[in-house]
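Novice: Just dropping this structure here.
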Amino acid sequence: MKKHTPFPENGLEEAAIWQAMEYARQGDVDWRGGRLPGFYVHFANDEVDRVGKMALEKFHATNALGLSAFPSIKKFESEVAEWALSLFRANGGAASITSGGTESIFIAMKTAREWAKANRPEVTKPKMLISHSAHPAFDKAAKYLGVDVVRILPRADFKTNIDALKAALDDQTIIMAGSAPQFTIGVFDQIEQLAAIASSRNVWFHTDACIGGFFSPFAEQNGHLIPPWDFRVEGVKSISADLHKYGFAPKGASIVAFSDTGYQRYQVFDFDNWSRGRYVTSTFAGTRSGASIAAAWAVMRFLGNQGYRKIADQIWQVREKLIRDIPAIEGLFVYGEPELTVMSYGSKSLDVADIAAGLAAKGWYTVTPSPNPPAINLGILSLAFGEVVDAYLADLWQVVAQLTAGDNSFDRSLVGTYGAK
Ligand SMILES: *Cc1c(COP(=O)(O)O)cnc(C)c1O
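Under my numbering, the first residue of the sequence shown is numbered 2, with each subsequent residue one higher.
Structure (structure tokens):
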């Protein structure tokens, strides 16, 4: 029998708690130092960070399950939802705040499946069609919801292979989705074309703008050509967009938005066969942090449209530098044509796993390269990375030079993972 560490009998002094926690985090990645290119932490600047943190603290005890007890949270959620719908160019529509991209995708898929039950009653084995680059959250949702998933291998430019998708589209298909952009190579799927195909077959269409949703509107205003992805596209019924990514809100906040308020009846869980009576929720959670909603409101209101435009411009400059300077390093190239702020690079001559190990050895938190195509994923999620991007490029140049010279002594065990294993 395995014995577990017993729960300590007595409490610790507060000072000892902080000491233990500071000690525990010695091994954590130095995200504020920018040594974390492309994963896990989005950061705009110290002021935005402080505003989010203070709002979390002020509203830490609130519960967004009880909106009548906390009208403040109700106001914050409805205003953030309104702002998001306006940024996503919805004409009408509705939006909810969830705990993250995975939950937003889940709620959109749940709504789509309920919609299909009402509107496609002939379907017995519901099926979802997505490109191979779509986030695993779609399969996670499909597993919970009893929907089959078919992932279509992409074209050479990493966008959806529409011919293959059409061949797979059958009378059981109830959902199609595209990414705007996808998380690794950074290209947008052909949302207009896909949504039109979906519409013509009475299939639900979802745009996954988890990463891009709170960046694209501002990049577009800054004059960049962003492929169509939002509610201006006919046939887009739902959008997922993470406030805790380019919304720069503290983690635990995302938007799931719908083109029509009529879909709320498929979204909402409304139940009354319980001893306490009626129980209604719009998202997966019961008890739900009001703090992360308050913090998302605070950050959005603090920055305003102009604040986001300025940050988007700063991030865009880092993107331009990376797209220009990475291919200038011997043998390296950027895959496809990244259309926003995430990209992936590979090497014509070296194993990217060795490059990743070299970067890790130089103190850059690096996750295992993606296997197909073999690539190191890089995104400007954080302007803390922007502050040290020149050092990153210099180290990358050195790692490649050392590997090219045949010195392959980097320790691969220092490389991390995306996900919990
Ligand atoms: C981050 C991301 C998700 C998942 O979001 P979480 O907040 O990690 O649950 C889904 N799709 C895309 C494109 C993403 O970038």
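Heads up, the beta-carbon is just placed ideally off N, CA and C, and yes, glycines get one too.
What did DSSP end up calling methionine 110 once you bin it into helix, strand or coil?
Specialist: Indexing the sequence shown from 1 puts residue 110 at position 109. In this structure, methionine 110 counts as helix in the three-state DSSP scheme.
Novice: Is the beta carbon of histidine 133 within less than 7 angstroms of some heavy atom of ligand 1?
Specialist: As a working mapping, residue 133 is identified with position 132 in the sequence shown. Flag unset: Cβ of histidine 133 not near ligand 1.
Novice: Kindly indicate which three-state DSSP category phenylalanine 206 falls into: helix, strand or coil?
Specialist: Here the question's residue 206 lines up with position 205 in the sequence shown. Strand, per DSSP.
Novice: Please go through the same chain and pick out, in chain order, the residues whose beta-carbon is closer than 6 angstroms to the beta-carbon of serine 200, but skip the five residues on each side of it.
Specialist: Locating residue 200 in the sequence shown gives position 199, where the first residue counts as 1. These residues qualify, in order along the chain: Gly236.
Novice: Let me check understanding here. Comparing Cα to Cα, which of His5, Tyr393 and Ile240 lies closest to threonine 99?
Specialist: Position 98 of the sequence shown holds residue 99. Closest by alpha carbon: Ile240.
Novice: Are leucine 333 and glycine 213 touching if we call contact CB-CB under 8 angstroms?
Specialist: For the purposes of this step, residue 333 is taken as residue 332 along the sequence shown, with counting starting at 1. For the purposes of this step, residue 213 is taken as residue 212 along the sequence shown, with counting starting at 1. Contact: no.
Novice: Could you say which of Ala358, Pro374 and Leu360 lies nearest to methionine 344 if we only look at CA atoms?
Specialist: Start at 1 with the first residue of the sequence shown, and residue 344 comes out as number 343. For methionine 344, the nearest C-alpha among the options comes from Pro374.
Novice: As a quick exercise: from Lys4, Trp32 and Gln20, pick the residue whose alpha carbon is nearest that of threonine 385.
Specialist: Counted from its first residue, the sequence shown places residue 385 at position 384. Per the sequence shown, residue 385 should be read as alanine rather than threonine. For alanine 385, the nearest C-alpha among the options comes from Trp32.
Novice: With DSSP as the reference, identify every bridge partner of valine 124, one or two as the case may be.
Specialist: Taking the sequence shown and counting its residues from 1, the one referred to as residue 124 is at position 123. Bridge partners of valine 124: none, in fact.
Novice: Starting from the C-beta of serine 69, find all residues in its chain whose C-beta is less than 7 angstroms away, skip the five residues before and the five after it, and write them out in chain order.
Specialist: Counting from one through the sequence shown, the residue named residue 69 turns up at place 68. Around serine 69: no qualifying Cβ.
Novice: Relative to ligand 1, is the shortest distance from any of its heavy atoms to the C-beta of phenylalanine 184 smaller than 7 angstroms?
Specialist: Against the sequence shown, residue 184 aligns to sequence position 183. True, at least one ligand heavy atom lies under 7 angstroms from that Cβ.
Novice: Check whether the stretch 273 to 293 touches the stretch 94 to 114, counting contact only when three or more Cβ pairs, one atom from each stretch, lie closer than 8 angstroms.
Specialist: Flag = yes, the stretch 273 to 293 and the stretch 94 to 114 touch.
Novice: Could you check if histidine 136 belongs to the surroundings of ligand 1, using beta carbon to heavy atom distance under 7 angstroms?
Specialist: For this step, residue 136 is matched to residue 135 along the sequence shown. Yes - ligand 1 has a heavy atom lying nearer than 7 angstroms to the Cβ of histidine 136.
Novice: Could you tell me the distance, in whole angstroms, from the CA atom of aspartate 352 to the CA atom of arginine 233?
Specialist: Start at 1 with the first residue of the sequence shown, and residue 352 comes out as number 351. Start at 1 with the first residue of the sequence shown, and residue 233 comes out as number 232. Spanning the two alpha carbons is a distance of roughly 42 angstroms.
Novice: Leaving out five residues on either side along the sequence, give the residues of the same chain with a beta carbon under 8 angstroms from the beta carbon of alanine 113.
Specialist: Locating residue 113 in the sequence shown gives position 112, counting from the first residue. Counting only Cβ-Cβ distances below 8 angstroms, and skipping sequence neighbours, we find Ile175, Ile176, Trp205, His207, Lys238, Ser239 and Tyr267.
Novice: Just list the alpha helix (DSSP H) runs in the stretch 260 to 346, keeping only unbroken ones of 4 residues or longer that don't cross its boundaries, in chain order.
Specialist: Within the stretch 260 to 346, the complete alpha helix (DSSP H) runs of at least 4 residues are 265 to 268 and 291 to 326.
Novice: Is threonine 103 near ligand 1, judged by its Cβ being under 7 angstroms from some heavy atom?
Specialist: Along the sequence shown, one-based indexing puts residue 103 at 102. Indeed, a heavy atom of ligand 1 lies less than 7 angstroms from the Cβ.
Novice: Nearer than 7 angstroms: is that true of the beta carbon of aspartate 243 relative to any heavy atom of ligand 2?
Specialist: Although ligand 2 was asked about, the structure shown includes only ligand 1 as ligands.
Novice: To which residues of the same chain is isoleucine 186 closer than 6 angstroms at the C-beta, ignoring the five residues directly before and after it?
Specialist: Residue 186 sits at position 185 when you count from the first residue of the sequence shown. If we look at isoleucine 186 and ignore the five residues flanking it on each side, its Cβ neighbours are Phe159, Tyr336, Gly337 and Ser345.
Novice: DSSP on serine 414, reduced to helix/strand/coil?
Specialist: On the sequence shown, position 413 is the one that residue 414 refers to. In the structure shown, serine 414 sits in a helix (DSSP, three-state: H, G or I).
Novice: In whole angstroms, what separates the C-alpha of proline 228 from that of alanine 197?
Specialist: Along the sequence shown, read from residue 1 onward, the residue named residue 228 stands at position 227. Along the sequence shown, read from residue 1 onward, the residue named residue 197 stands at position 196. Whole-angstrom Cα-Cα distance: 15 angstroms.
Novice: For ligand 1, is there a heavy atom less than 7 angstroms away from the beta-carbon of isoleucine 106?
Specialist: Translated into positions along the sequence shown, residue 106 becomes position 105. Yes - ligand 1 has a heavy atom lying nearer than 7 angstroms to the Cβ of isoleucine 106.
Novice: Could you pull the start and end residues of the alpha helix (DSSP H) that arginine 51 belongs to?
Specialist: Numbered from its first residue, the sequence shown carries residue 51 at position 50. Segment 47 to 59, the alpha helix (DSSP H) holding arginine 51.
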